[in-house]
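Student: One structure coming up, written as structure tokens, with questions to follow.
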Amino acid sequence: MPATPKSRRAASTPLWTSAAIVALGTLGVALHLSSVLSRADVAEVLMSPGLWRQCVVNFGATIRPEGTTQVATVPFLPLFAGCLVLSLVTWLGGAAVMARWRKIPFPVILAQWGSRGWPWWLATFAWELLGLALDLSGALALGALWRALLPFFYTLIGAGWLTTLAMLLQDRLRSVTPVTAARRTPWTVWVAAAAYFVGFSTLNWLLWEALLLPHGDSAMYEEHVWNLLHGKGFRSYLDSGRLFLGEHIQVIHLGVIPLYVFWPSHLLLELCQSAGLAAGAFPTFWIARRHTGSAKAATCLAVAYLLYFPMQCLDIAVTYKTFRPNAFEIPLILFGLDALERGRIRTLLIWLGLALLCQEDAAPVIAPLGLWIACRQAAFLDSTDPAARRRWAVTGLALAVFGVLYVIFVVKVALPWFRGGEDVHFARYFEDFGGESNTIVSTILHHPLVFLEKLLGSPSWVFACGMLAPLGFLPLLSPGRLAVAAPLFGVLCLSSMTNTPVHHFHAPLVPIVVWAAAAGLPQALLFPQRLAAWWSGNDSPDTIERRSQIRPEARLRTGKTLRVTAVVSPVPPPEDLPRVRDRRTIRSSELAGIWCLCCALISGMFLSLGPLGIGFWDPNSSRYWKDHYVPGERAKRFPAVLKQIPPDQRVASTDYVHPRFTHYARSYDYSAYRPDVPDDTDFIVIDTRHPYSDIKTPEQVKEYRDHPDRWELLPDETDGFFIVLKRRR
């Protein structure tokens, strides 16, 4: 096949140069993997200790202890041979597919694929040199940070390599897909959202069936609904029976009552939560389409949102807590941001008001969002009407003031009032600053260096990368939007419990980060050019061209491009249509969307608890699916316990079985947090095999040991899995 002018330009890199790049990249990856696999403390951020041992043994390594860790001498030749086979297969195979797909000669596309894809592999040399420099300098803290960031390094180089492959597979003309239909969501987004809903609903259901669902921070919310409907008030007896409003301002889960009347089950709440999180993909798609003008780029970001492991941890956290009302903040705020960009003030306020019903931590996001609205009306308002701009500015300032006052009211008035004057419980999370709300503020004001040391420490950088790297760091290209999340992010960085994206504290940050990523999509490939132009002091050609163009509102009705002194405000375009973008911007947005999707997918391989994570399939991992989602003998024995206890009794039980008694007359928590059972307790149920069980025999139950005249040991029908005590009358 004769080479076309286009293919001749693509083959500007000689084939031998491309082969050299492939060889060097393969060598770099082999050396890097040899370094990572040689130490267990480095490999543990990627895999379980058992999987590491299995990998190094398969390569013929010998393992020996060294200090507090284990090291392995991995033979280099077998490792290099494996990397070389992988490299050749992907290089030759990928080039063959691209040559057939794009009708380009095989040598041409082979040189292009090698010269563009394998420079990403060369980044491993820089990573290893950085690690060597940190080791020689003795910077232990930076060395620990270097190891902790390893999954995100793999995320970037893997996403860059795959994005290059996707870019070469596409025909430049066919890849540009501007949108003309209003608000039509592709079937891909619907299928991805449905797959997320089915997958995580099933996992939550299996955790419940396996008797591995904790009561605290999960099933206690279903107890709120049950108790409220049965005249016991909005409370859980996990908290000594006081009203739950002393813990958080969370009432959104009461919205399930119309369905709960027909199906009173905790699984209903789990289904609603998974459906709500899946629904967040739709406003994500609408926002991204509006910014990029491309349905393809918007679809990629919507699917990346569903693969975004910080969002998935709101469905199943690292501790396998599955239900939190503040998870609903994610879709509600995303719908609110969509309404904001459509210029709907009332709709925005409704969505933000619903988000406040999820938890008070939405207010620290609403306040800076109000400031952004007040300063950046032009970012979402397609009108030159001064009255409209003033209206939005006033709305933004009102939201900012309201958000600040709401936080103060909740922390200093509302929650302490329901707690009988006690300080808020989450102040204890910040023990380094005193563990009390007034002391925390005083410490920050009087000891700013302590505050900065905590804020800028290594855990904060890992936290930031955990939020940004799965989206390809695209949110950084919209710094104004990303700054909306800065105040709450700074607060979360001050506690070792909250400075991680694997629990639930980061829920309000997720919609802001996704929103910023959507705005960063059209800037991804143009940003380096604009940065270079700014550095050199010259405007880029596209910027000069845009500035020289006459705006539509400045044109005469005849269509001529002469300026007029009187400018008539244009009729704003339909709110659901995407902004008009040129082909270059659309092309940039689509490649950025693919990059973002690859980043979400690869980061999830190391950090997700779902089926796309390595740990999900690793028998040596604490995340192994058979250990969590398959009912074992313990779950099969538990129905025998339920047969011994009538529903009208008051039961004190340990965690994990505690959720099964929330529909009884009373359900008390029996754990290290509640060492004494209430005086009106009728039964005590001890789970001897749950993950945190310290009681194995009846003699270890202090009520039975100290007061055998008050408590009767019921016959064991569970083969020692459970202990059931009944109060003597």
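Throughout the sequence shown, residue numbering follows the numbering used here, covering 1 to 729 in sequence. Even for Gly, the Cβ is constructed at its ideal location relative to N, Cα and C.
1. Taking a contact to mean a Cβ-Cβ separation below 8 Å, would you say Tyr260 touches Leu471 in this structure?
2. Leaving aside the five residues before and after Arg650 along the sequence, list all residues of the same chain whose C-beta is less than 6 Å from its C-beta, in chain order.
3. Just confirm the distance between the C-beta atoms of Asp315 and Ser274, as a whole number of angstroms; I'd bet it's less than 8 Å.
4. Could you give the residue range of the alpha helix (DSSP H) that holds Val365?
5. Per DSSP, which residues does Trp711 bridge with? Please list them.
6. Bridge partners for Phe262 per DSSP, in chain order?
7. So Tyr668 is in the beta strand (DSSP E); what residue range does that whole segment cover?
8. Pull up the CB-CB distance for Ser603 and Phe76, whole angstroms please, since I reckon it's below 8 Å.
9. Three or more beta-carbon pairs under 8 Å between the stretch 152–172 and the stretch 65–84, yes or no?
10. Taking the alpha helix (DSSP H) that Asp730 belongs to, which residues open and close that run?
11. Can you list, in chain order, the residues of its chain with a C-beta nearer than 8 Å to that of Met605? Leave out the 5 residues immediately preceding and following it.
12. Just verifying my parser: in three-state terms, what is the DSSP assignment at Leu142?
13. Considering only the beta carbon of each residue, do Asp687 and Val657 sit closer than 8 Å?
14. Could you name the residues of the same chain whose beta carbon sits closer than 8 Å to that of Trp351, not counting the 5 residues immediately before and after it, in chain order?
15. Nearest-angstrom Cα distance between Trp392 and Phe402?
16. Measuring CA to CA, which of Leu156, Phe489, Glu128 is closest to Val36?
17. Buried or exposed: which applies to Ser137, given that a residue is buried once 16 or more other Cβ atoms fall within 10 Å of its Cβ?
18. Helix, strand or coil, according to DSSP, for Arg650 in the structure here?
19. Only counting the same chain, and skipping five residues up and downstream in sequence, which positions put a Cβ closer than 6 Å to that of Ala737?
20. For Ile333, which of helix, strand or coil comes out of DSSP?
21. Could you check where the beta strand (DSSP E) with Phe683 kicks off and where it finishes?
22. Determine contact between the stretch 204–214 and the stretch 319–329, defined as no fewer than three beta-carbon pairs at a distance below 8 Å.
23. Measure the C-alpha to C-alpha separation of Val641 and Thr718 and round it to an integer number of angstroms.
24. Should the stretch 236–243 be called in touch with the stretch 289–304, which here means at least 3 C-beta pairs below 8 Å?
25. Within its chain, find whatever has a CB closer than 7 Å to the CB of Tyr429; leave out the 5 residues flanking it on each side and keep chain order.
26. According to DSSP, what are the bridge partners of Leu243?
27. Starting from the N-terminal side, write out each stretch of the alpha helix (DSSP H) that is 4 residues or longer and does not extend beyond the stretch 494–529.
28. Classify Val85 as helix, strand or coil using the three-state DSSP reduction.
29. Assuming Met98 and Leu15 are in contact, meaning their beta carbons sit under 8 Å apart, how far apart are those beta carbons, in whole angstroms?
30. Tell me which residue opens and which closes the beta strand (DSSP E) that Thr62 is part of.
31. Can you tell me which residues form a DSSP beta bridge with Thr73?
32. From what residue to what residue does the alpha helix (DSSP H) around Trp187 run?
33. Excluding five sequence neighbours on each side, which residues of the same chain lie with their C-beta closer than 6 Å to the C-beta of Trp120?
34. Roughly how far, in whole angstroms, is the beta-carbon of Glu360 from the beta-carbon of Val407, given that I think they are within contact range, below 8 Å?
35. If you drop the 5 nearest sequence neighbours on each side, which residues of the same chain put their C-beta closer than 6 Å to that of Leu492?
36. Where does Arg184 land, buried or exposed, given buried means 16+ other C-beta within 10 angstroms?
Tutor: Working from what's here:
1. Taking C-beta atoms as the reference points, Tyr260 and Leu471 fail to come closer than 8 Å.
2. Counting only Cβ-Cβ distances below 6 Å, and skipping sequence neighbours, we find Ala665, Arg666, Asp680, Thr681, Asp682.
3. About 6 Å separates the beta carbons of Asp315 and Ser274, which is inside the 8 Å limit, making them a contact pair.
4. Boundaries of the alpha helix (DSSP H) around Val365: 363–375.
5. Paired residues: Arg727.
6. None, per the DSSP bridge assignment.
7. 666–669 is the span of the beta strand (DSSP E), which, as asked, contains Tyr668.
8. At roughly 28 Å, the Cβ-Cβ gap does not stay under 8 Å, so Ser603 and Phe76 are not in contact.
9. Remark: fewer than three beta-carbon pairs, one from each stretch, lie closer than 8 Å, so the stretch 152–172 and the stretch 65–84 are not flagged as touching.
10. The first residue shown for the chain is 1 and the last is 729, placing residue 730 beyond what the model contains.
11. Contacts found: Leu612, Gly613, Ile614.
12. Shown here, Leu142 sits in a helix according to DSSP, grouped into three states.
13. At a Cβ-Cβ threshold of 8 Å, Asp687 and Val657 count as neighbours.
14. Leu332, Ile333, Phe335, Gly336, Ala339.
15. Computed Cα separation, rounded: 15 Å.
16. Selection Leu156, Phe489, Glu128 evaluated against Val36 yields Glu128 as nearest (Cα-Cα).
17. Exposed.
18. Correct three-state label for Arg650: strand.
19. In this structure the chain extends from 1 to 729, so residue 737 is not present and cannot be described.
20. Collapsing the DSSP output to three states places Ile333 in a helix.
21. Start and end: 683–687.
22. Segments in contact, yes.
23. Within the model, the alpha-carbon separation for Val641 versus Thr718 is close to 8 Å.
24. These segments do not touch.
25. Excluding positions up to five away in sequence, the list reads Ser495, Met497, Thr498.
26. Answer is Arg235.
27. Positions of the alpha helix (DSSP H) runs, each at least 4 residues long and wholly inside the stretch 494–529, are given as 509–520 in order along the chain.
28. Val85: helix per DSSP, three-state reduction.
29. In fact, because the Cβ distance is near 15 Å, the residues do not count as touching under 8 Å.
30. For Thr62, the uninterrupted beta strand (DSSP E) segment begins and ends at 62–66.
31. Partner(s): Thr62.
32. 187–209 is the span of the alpha helix (DSSP H), which, as asked, contains Trp187.
33. Cβ within range, chain order: Ile157, Gly160, Trp161.
34. That belief holds up - the Cβ atoms of Glu360 and Val407 are roughly 7 Å apart, short of 8 Å.
35. Exclusion of the five residues before and after Leu492 leaves Thr498, Asn499, Phe505 as the residues of its chain whose Cβ lies within less than 6 Å of its Cβ.
36. Arg184 counts as exposed, since fewer than 16 other C-beta atoms from the protein chains shown sit within 10 angstroms of its C-beta.
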